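Peer 1:
Numbering (the numbering used here), first residue to last: 93 to 252.
#1: Leaving out five residues before and five after residue 122 in sequence, what residues of the same chain have Cβ atoms less than 8 Å from its Cβ?
#2: Are the segment 153–160 and the segment 200–216 touching, with three or more C-beta to C-beta distances below 8 Å?
#3: Three-state secondary structure (DSSP) at residue 231?
#4: What's the C-alpha gap between residue 213 and residue 219?
#5: Can you have a look at residue 161 and say buried or exposed, based on whether 16 or more other CB atoms are within 10 angstroms of its CB?
#6: Please report the straight-line C-alpha distance between residue 169 and residue 195, rounded to a whole angstrom.
#7: How would you write the range of the alpha helix (DSSP H) that residue 181 sits in, first residue to last?
#8: Taking just the CA atoms, how far does residue 125 sit from residue 117?
#9: Just to check my reading of the structure: residue 142 and residue 190 have Cβ atoms closer than 8 Å, yes? What is that Cβ distance to the nearest angstrom?
#10: How should residue 184 be labelled, buried or exposed, when 16 other C-beta atoms within 10 angstroms of its C-beta is the threshold for buried?
#11: Is the Cβ-Cβ distance between residue 215 and residue 227 less than 8 Å?
#12: Is it buried or exposed, residue 175, if we count other Cβ atoms within 10 angstroms and call 16 or more buried?
#13: How would you call residue 187, buried or exposed, if buried means at least 16 neighbouring beta carbons within 10 angstroms?
#14: Do you know how far the Cα of residue 225 is from the Cα of residue 246?
#15: Give the secondary structure of residue 238 by DSSP, where H, G and I count as helix, E and B as strand, and everything else as coil.
#16: Quick check: the Cα distance between residue 171 and residue 182, rounded to an integer number of angstroms?
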């Protein structure tokens, strides 16, 4: 960017009296992308449906209760995803099951944020040999394919 453009941009920002942060700039760019906004709306809708699954679906009557007369029904207005072999609504079971998955994923993300932030801060602050050791350990972990790591853990701990 030329010096004149930088000065003009700085003067415009200083003249408006508003200084926007990086998050505002990210949000502004995100709003311009229609696909990103549709995706964000879908994700928010799914999260809200999972959070309010107890209100949307009666757990005892729809998820647990067995109704053999309604077993293996195809999708309909009453059961949008149909029913399983015991007559339970599959959509209700998915949303109630997703509650546990959403909670576990939230805890996993928080844990990785804390551990990754701590390791990155230590490596950045101390640098040198400690930084090299942390980075080589991370390189080793990232070089192992996830499925191979999962198979190894299951083999070591047992299938139970």
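Virtual Cβ for every residue (Gly too), placed ideally from N, Cα, C. Owing to the predicted nature of the structure, the values given are computational and were not obtained by experimental measurement.
Peer 2: Based on what the coordinates show:
#1: Correct list, in chain order: 128, 129 and 132.
#2: Contact between the segment 153–160 and the segment 200–216 is absent, because fewer than three Cβ pairs lie under 8 Å.
#3: Under the three-state reduction of DSSP, residue 231 is assigned to helix.
#4: A direct Cα-Cα distance of roughly 10 Å separates residue 213 from residue 219.
#5: Counting the other Cβ atoms within 10 Å of the Cβ of residue 161 gives fewer than 16, which makes it exposed.
#6: Put simply, the backbone Cα of residue 169 is about 29 Å away from that of residue 195.
#7: For residue 181, there is no enclosing alpha helix (DSSP H), as DSSP marks it with neither H nor E.
#8: So the two alpha carbons sit approximately 13 Å from each other.
#9: Sure, about 5 Å apart at Cβ, within 8 Å.
#10: A buried status is given to residue 184, since no fewer than 16 other beta-carbon atoms sit within 10 Å of its beta-carbon.
#11: Between residue 215 and residue 227, the C-beta spacing is below 8 Å.
#12: Looking at its Cβ environment, which holds 16 or more other Cβ atoms inside 10 Å, residue 175 is buried.
#13: Counting the other CB atoms within 10 Å of its CB gives residue 187 a total of 16 or more, which places it among the buried residues.
#14: Take the alpha-carbon of residue 246 and the one of residue 225: they are about 28 Å apart.
#15: DSSP places residue 238 in helix when its eight states are reduced to three.
#16: Going by C-alpha positions, residue 171 is about 8 Å away from residue 182.
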